[in-house]
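Everything on this sheet refers to the single structure shown next.
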Amino acid sequence: MRVRLFSWVAAALFSVLFVFPASGREAKMSAGGQPGGRSDSPPISVEDLPGIESASIVNLSVVTLDSATGDTLATRCSVTDGISVARYPYTYNLHYSYLGGYFYTEGTFSVLLYDGKVTIRAGHGFEYEPVITTVDISSDTTVTVELERFCDLRQAGWYPGDVHFHLAHEPGDYSLLPEDGIFIGLAEDLAVLNCLDNHTGFTGVPDPSSTPECIIYMTEERRSGVWGHYGLLGLQRLIEPVGSNWGPLLMEYADSTHLQSGAIVVAAHPVSSYDFNQIIVWPGSGIARELPVDMAFGKVDAFEVMTYSNAGECGVETDLWYRLLNCGFKLPGCGGTDALPNFIASFPIGAYRTYVNIPDKEFGFYEWIEGVAKGRTFVTNGPLYTEFHVDDKEAGDSIAVGELSYEFPVSIRVESVWPLTMAQVVINGEVAETVYPSSDPCVIDTTLYVEVNESSWVASRVYGENSGWLPVGEYLFAHTSPVYLNLQAQRIFKPEDAEYFVRWIDCLLDIVRRRDDWPCEADSVHAGTRLIEGRDYYQTLLGVPCDADDTCETPLPTPNVEISFMPNPLSSGTVIRFRAAGLEADQPHGTLDSYVNDAGLIDIRIYDAAGRVVRRLYRGKVHSDSFERYWDGKDDRGREVASGIYFCRAVTGDIRRSEKIVVVR
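The numbering of the sequence shown is the numbering used here, which starts it at 38 and goes up by one.
Below you can see the structure in the form of structure tokens.
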């Protein structure tokens with residue numbers, strides 16, 4: 038393991054003075070200045086600490102044990118003194134400043150501190166009761182902390198993992214290796230770690246530092262500042278380039294990923310911001326703008342419902358997920374932190390995690406990511422689903438029903454160290470049933486009967502109080518992946534969500550059209566065509582012909598007609614100005630007339646967000662570089678249109694140009 042260097046004396050001195058933010062496992066400094074292994078140097082004595090009275094300094098040694106086996110247990114720990122100042126081991130330990138200050142240990146550690154009261158916290162994932170204890174010490178003291186397992190999901194075939202974190206995110210405070218990830222993973226009780234560090238540590242197989250209890254796989258996160266970020270899990274070969282703002286569409290990376298045996302694609306932090314137009318720079322650069330298009334063509338295997346980088350409260354994003362499910366896609370949910378453990382200011386790996394069921398199979402990495410793709414998952418920052426059945430089916434399963442309606446039982450059991458507030462059954466994005474804890478506030482155990490009259494997806498989510506030290510987030514949350522009910526072979530479908538994605542893709546096309554530095558015309562045509570194909574997919578779901586009849590025979594970002602509005606947004610009407618762009622003033626044919634089709638016409642229409650014609654504004658010949666038309670905010674029948682997003686589209690032969698206009702009533 039390699040980190041920034043601190044001398045042993047300075048480390049102990051700063052720890053006593055509450056300044057040193059000490060670091061991870063015990064190690065020694067090699068001649069080359071890098072730590073590694075246990076120190077052979079004599080321990081630091083109080084006499085080595087100038088200005089500190091001997092009587093006021095004591096050594097606290099802590100041993101963390103599994104209460105059932107008596108073996109030492111790797112843990113996440115915190116030590117605070119009587120004035121709530123975080124203290125860290127004076128030997129080398131990975132430490133972090135978040136959550137009040139925490140560090141990792143393999144089962145033993147020592148801290149120098151003033152005598153008096155000290156609070157020790159130790160935790161090992163979500164299946165052990167964390168321990169918080171306060172002791173009053175006046176001399177060198179050893180404390181044994183025993184952690185008791187209250188739930189063993191591995192016995193039932195459930196294995197927790199993190200689908201997304203980084204060991205080598207620049208610039209970083211530590212220089213970490215895969216074995217450091219394993220050290221943290223064991224302390225957090227994780228079975229699988231997906232480190233998306235691209236070239237760093239990539240081997241194309243589980244890293245050799247993996248153990249039977251914890252597997253780490255160094256793989257790739259494809260980052261685009263426009264299209265979004267995808268985690269490519271289980272790659273045997275990296276796919277280049279690993280990052281660019283525009284670059285190839287993400288669907289091409291998805292295709293290359295699926296050609297590699299067992300590899301899957303995860304939409305990473307799909308809603309990192311609510312500012313759709315904030316491209317290139319974070320957090321808007323992380324939005325999965327291409328995701329609805331890629332879902333239409335089966336390119337994505339799972340969706341990060343929980344991650345530190347989602348913009349939603351507590352890092353939870355269900356709205357976009359539900360909308361995609363409501364368009365008939367089978368899309369499993371997963372949890373990945375996007376944690377940066379090489380930064381001192383970092384939340385932990387695995388605090389948002391994915392539990393994967395591997396029934397009747399021996400645990401392994403590829404079995405785990407196969408379970409993710411099959412939807413045998415739940416995501417959580419604490420609560421544990423020990424049972425979720427729809428009829429007799431589990432998350433990821435499908436049920437074919439020949440009747441027009443279907444009544445079925447939903448069995449739920451959730452256990453938690455911390456109090457739960459409610460569990461809900463969610464059907465097609467709507468809450469169908471809500472249940473509450475009864476005698477035990479940390480357990481919800483129930484069977485409900487619900488009925489559906491249409492094809493549906495059925496899942497469960499649970500909320501709780503984050504009253505503990507160990508969990509991350511403003512509240513406790515867990516969510517299963519769905520079970521899918523297919524009634525009379527009908528697709529799961531909510532028209533309003535298909536319309537939402539038509540508008541989504543229109544907004545993305547608007548971003549694409551504004552780009553003026555495409556490397557070549559073919560790139561522009563390819564990107565625009567694939568996006569329009571995705572838009573047409575949702576348009577087809579709606580059963581409404583695509584009135585816009587959009588094509589991409591010419592480059593999107595270099596139109597020869599510009600459109601502007603005054604005002605925009607509008608409440609009653611707006612002046613729409615059209616101008617020929619990119620023409621030299623002395624060109625004899627530098628007018629709109631020189632760009633019209635064979636009939637000498639320009640066609641101007643207003644479309645709604647679903648691509649339907651609202652108003653045929655003008656069709657005729659023009660003879661100047663610019664002209665204006667007035668739209669009174671009404672449709673072809675003279676009725677005022679509703680508030681919302683609309684598009685003004687000008688078509689002149691092979692030239693097409695659209696601009697967004699907002700109506701506010």
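Cβ atoms here follow ideal geometry from the backbone N, Cα and C, with glycine treated the same way.
A quick note: this is a predicted structure, and the numbers were derived from the prediction, not measured.
Asked                                                                                                                                                                       : Found
Looking at the structure shown, is Asn156 part of a helix, part of a strand, or coil, going by DSSP?                                                                        : Reading the sequence as shown, one finds Thr at residue 156 and not Asn. Three-state DSSP puts Thr156 in a strand.
Output needed for Gly299: all residues of its chain with C-beta closer than 6 angstroms, excluding positions within five of it in sequence on either side, in chain order.  : Gly271, Tyr403
Which of helix, strand or coil does DSSP assign to Ala304?                                                                                                                  : strand
Taking the C-alpha atoms as reference points, what is the distance between Leu190 and Thr423?                                                                               : 7 angstroms
Who are Cys371's beta bridge partners in DSSP?                                                                                                                              : Glu341
Taking the DSSP output, what are the residues bridged to Ala515?                                                                                                            : Thr417, Val499
Alpha carbon to alpha carbon, how far is Leu421 from Glu164? Give it in angstroms, no decimals.                                                                             : 8 angstroms
Applying the criterion that 16 or more other CB atoms from any shown protein chain within 10 Å of the CB defines a buried residue, is Ser121 buried or exposed?             : exposed
With a CB to CB cut of under 8 angstroms and the five nearest residues on each side skipped, what residues in its chain are close to Arg113?                                : Tyr139, Phe140, Tyr141, Ala159, Gly160, His161, Ala224, Glu225, Pro385, Leu507
Just to confirm the assignment: which complete beta strand (DSSP E) runs, minimum length 3, are found wholly within the segment 83 to 143?                                  : 94 to 103, 112 to 118, 139 to 142
Going by alpha carbons, who is nearest to Tyr392 out of Ala515, Asp375, Tyr500, Trp494?                                                                                     : Ala515
With three or more beta-carbon pairs closer than 8 angstroms as the criterion, would you say the segment 202 to 221 touches the segment 169 to 186?                         : no
What does Met459 pair with, by DSSP beta-bridge criteria?                                                                                                                   : Tyr500
Is it true that the CB of Leu546 sits closer than 8 angstroms to the CB of Gly565?                                                                                          : yes
How long is the line joining the alpha carbons of Arg390 and Met343, rounded to whole angstroms?                                                                            : 8 angstroms
For my contact list, Val155 and Ile174 are in at a C-beta cut-off of 8 angstroms; report their separation, rounded to the angstrom.                                         : 6 angstroms
For Val487 and Phe445, which I take to be in contact (beta-carbon distance under 8 angstroms), what is that distance rounded to the nearest angstrom?                       : 7 angstroms
Quick check on Val520: buried or exposed, where buried means 16 or more other Cβ atoms within 10 Å of its Cβ?                                                               : buried
Would you list the residues sitting across from Arg686 in a DSSP beta bridge?                                                                                               : Arg642, Ser695
Taking 7 angstroms as the cut-off, does the CB of Ile639 come closer than this to any heavy atom belonging to the ligand SAH?                                               : The model depicted lacks the ligand SAH and carries no ligand whatsoever.
Measuring straight from C-alpha to C-alpha, what distance separates Pro58 and Leu213?                                                                                       : With a pLDDT of 33 at Pro58, under the threshold of 50, the modelled position of that residue is not reliable, and no figure is offered here.
So, is Leu441 buried or exposed, given that buried needs 16 or more other C-beta atoms within 10 angstroms?                                                                 : exposed
Within its chain, find whatever has a CB closer than 7 angstroms to the CB of Ala496; leave out the 5 residues flanking it on each side and keep chain order.               : Val463, His516, Thr517, Ser518, Pro519
Tell me the DSSP bridge mates of Phe664?                                                                                                                                    : Phe615
Alpha carbon to alpha carbon, how far is Leu568 from Glu277? Give it in angstroms, no decimals.                                                                             : 22 angstroms
State the start and end residues of the unbroken beta strand (DSSP E) segment that holds Pro215.                                                                            : Not the beta strand (DSSP E): Pro215 falls in the alpha helix (DSSP H), residues 215 to 224.
Just mark Gly73 as buried or exposed, buried being the case when its beta carbon has 16 or more other beta carbons within 10 Å.                                             : Legend: pLDDT at Gly73 = 30, less than 50; position of this residue unreliable, no value from coordinates given.
Name the DSSP bridge partner or partners of Cys359?                                                                                                                         : Note on identity: in this sequence residue 359 is Tyr, with Cys being the wrong assignment. For Tyr359, which the question treats as bridged, DSSP gives no partner whatsoever.
Give the straight-line distance between the Cα atoms of Thr628 and Ser293, rounded to the nearest whole angstrom.                                                           : With a pLDDT of 40 at Thr628, under the threshold of 50, the modelled position of that residue is not reliable, and the figure given next carries that caveat. Approximately 46 angstroms, taken between the alpha carbons.
Could you give the uninterrupted runs of the alpha helix (DSSP H) lying entirely in the segment 165 to 211, keeping only those of 4 residues or more?                       : none
For the segment 546 to 558 and the segment 374 to 385, state whether three or more C-beta atom pairs, one from each stretch, are separated by less than 8 angstroms.        : no
For Ala193, does the count of other Cβ atoms within 10 angstroms reach 16, so buried, or fall short, so exposed?                                                            : exposed
Please list, in chain order, all residues of the same chain as Asp234 whose beta carbon is under 7 angstroms from its beta carbon, the five residues on each side excluded. : His203, Leu204, Ala205, Met255
Is the beta carbon of Val302 sitting closer than 8 angstroms to the one on Val263?                                                                                          : no
Which partner residues does Tyr254 have in the DSSP bridge list?                                                                                                            : Asn231
Taking the C-alpha atoms as reference points, what is the distance between His266 and Cys685?                                                                               : 31 angstroms
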